[in-house]
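Trainee: So for the sequence shown, this note's numbering puts the first residue at 78; every next one is plus one. Mind having a look at this structure? Questions to follow.
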Amino acid sequence: MACNGFHANGQDSLVQPLLTDYYQITMCYGYWKAGIHNEHSVFDLFFRKNPFNGEYTIFAGMEDCLRFIQNFRFSKSGNVVLDRFKSK
Numbered sequence: 078m079a080c081n082g083f084h085a086n087g088q089d090s091l092v093q094p095l096l097t098d099y100y101q102i103t104m105c106y107g108y109w110k111a112g113i114h115n116e117h118s119v120f121d122l123f124f125r126k127n128p129f130n131g132e133y134t135i136f137a138g139m140e141d142c143l144r145f146i147q148n149f150r151f152s153k154s155g156n157v158v159l160d161r162f163k164s165k
């Protein structure tokens, strides 16, 4: 159930864990398979060009990013999608 744009589990109702690239999904799966999914890890977020041919970029929304990461979970329907990518 969503309230103020967020589900009861704290996830944003518009931004879902499956809206990521295959690299992050592969890394999550690899960490889980290796049994280190509960260990702390560090990833970088970057881009090569400023958007709209601009000269600088302003980052805002760190609190939203942290909340998303803290509540990162795949739903049952998301797991169905991820099952298609399992290596055999």
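Backbone N, C-alpha and C define an ideal beta-carbon position, used for all residues, glycine too.
Could you have a look at ASP121 and say whether DSSP puts it in helix, strand or coil?
Mentor: Start at 1 with the first residue of the sequence shown, and residue 121 comes out as number 44. In this structure, ASP121 counts as coil in the three-state DSSP scheme.
Trainee: Excluding sequence positions up to five away, which residues of its chain have a Cβ less than 8 Å from the Cβ of PHE120?
Mentor: Taking the sequence shown and counting its residues from 1, the one referred to as residue 120 is at position 43. Same-chain partners within the cutoff: GLN101 and MET104.
Trainee: How would you write the range of the alpha helix (DSSP H) that GLY155 sits in, first residue to last?
Mentor: Walking along the sequence shown from the start, residue 155 turns up at place 78. Note, GLY155: alpha helix (DSSP H), 153 to 160.
Trainee: To the nearest angstrom, report how far apart ASN130 and TYR108 are at their CA atoms.
Mentor: Numbered from 1 along the sequence shown, position 53 holds the residue referred to as residue 130. Numbered from 1 along the sequence shown, position 31 holds the residue referred to as residue 108. Each residue's alpha carbon lies about 37 Å from the other.
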